[in-house]
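Chemist: Using the working numbering, the first residue of the sequence shown is number 706, and each one after it goes up by one.
Note that CB positions come from ideal geometry on N, CA and C, so glycine has one too.
One structure, pasted below without further comment.
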Amino acid sequence: LNKYETYEALKEAIDTYIWFYHNERYQERLNGLSPLEYRAQAA
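Shown next, in the form of structure tokens:
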């Protein structure tokens, strides 16, 4: 586990992970693509 010195550092880590989870993480339901790749392919 990571330990954060400040609330701001913790919040930044959470925000970064949320961005990753919603945009870059490969998802089986999108045929193994990340959401960004899936949207680019659909356009």
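To the nearest angstrom, how far is the alpha carbon of K716 from that of A747?
Modeler: Taking the straight line from one Cα to the other gives about 32 Å.
Chemist: Pick from L741, N707, A745 and L706: whose alpha carbon is nearest that of F725?
Modeler: Nearest option by C-alpha distance: L741.
Chemist: Please state the DSSP three-state secondary structure of L706.
Modeler: It is coil, neither helix nor strand.
Chemist: What residues in its chain sit with their C-beta under 7 Å from that of Y731, if we drop five residues either side in the sequence?
Modeler: Cβ within range, chain order: G737, L738 and S739.
Chemist: Across which residues does DSSP place L738 in a beta bridge pair?
Modeler: Note: L738 sits in a beta bridge opposite Q732.
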